[in-house]
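All remarks here apply to the structure that follows.
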Amino acid sequence: MRVQLQAQRAARTRPPVESSGWVTGGSGRSFLVPQKQYLLILVGIDGSTALAAVLVGSHLYVANVGDSRAVALNSGKAVPLSEDHKPNRKDERKRIEDAGGIIVFDYTWRVGGLLAMSRAFGNRDLKHYVKTEPNI
392 MRVQLQAQRA ARTRPPVESS GWVTGGSGRS FLVPQKQYLL ILVGIDGSTA
442 LAAVLVGSHL YVANVGDSRA VALNSGKAVP LSEDHKPNRK DERKRIEDAG
492 GIIVFDYTWR VGGLLAMSRA FGNRDLKHYV KTEPNI
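Structure below.
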């Protein structure tokens, strides 16, 4: 009940999701606009990950970029609702290498020998290989 009340209060004080630039429909382009805004203020090579969860009726939609994680509790057991975007995942490695990038092992698998995630915001030097498209 408390979470529901907080969500109702937040809905009254925030602009609708559609007008914020974060949701553009079911196309999987939800995080593209913030990436452009993020790169405008980015000074170094830093970046970030993101996770969003939206409850619509009885359906929970979870979108993630990078290694931000969503977990639900079901009968006392943790149930993962998202999957990390790591460069050693077969699909991510193929996508990066097909784009001309390289994956290097340096204590962990890294894109270009630098970033331990295959999807994230920012990371200007790796933007051709590190994408912002979320899994939904």
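Following our numbering, the numbering of the sequence shown begins with 392 at its first residue and continues without gaps. Every residue, glycine too, gets a C-beta built ideally from N, C-alpha and C. For clarity, every value in this text was computed on a predicted model and none was experimentally measured.
Check                                                                                               : Outcome
Element boundaries [alpha helix (DSSP H), containing K481]                                          : 481-489
Sufficient close CB pairs (3 or more, under 8 Å) joining the segment 500-512 to the segment 467-483 : yes
Cα-Cα separation, V462 to N455                                                                      : 12 Å
Residue from A490, D489, L517 with nearest C-alpha to R501                                          : L517
Buried/exposed call for G467, threshold 16 Cβ in 10 Å                                               : exposed
Span of the beta strand (DSSP E), counted from its first residue to its last, around H345           : This structure does not reach residue 345, given that the chain is present from 392 up to 527, and the question cannot be answered.
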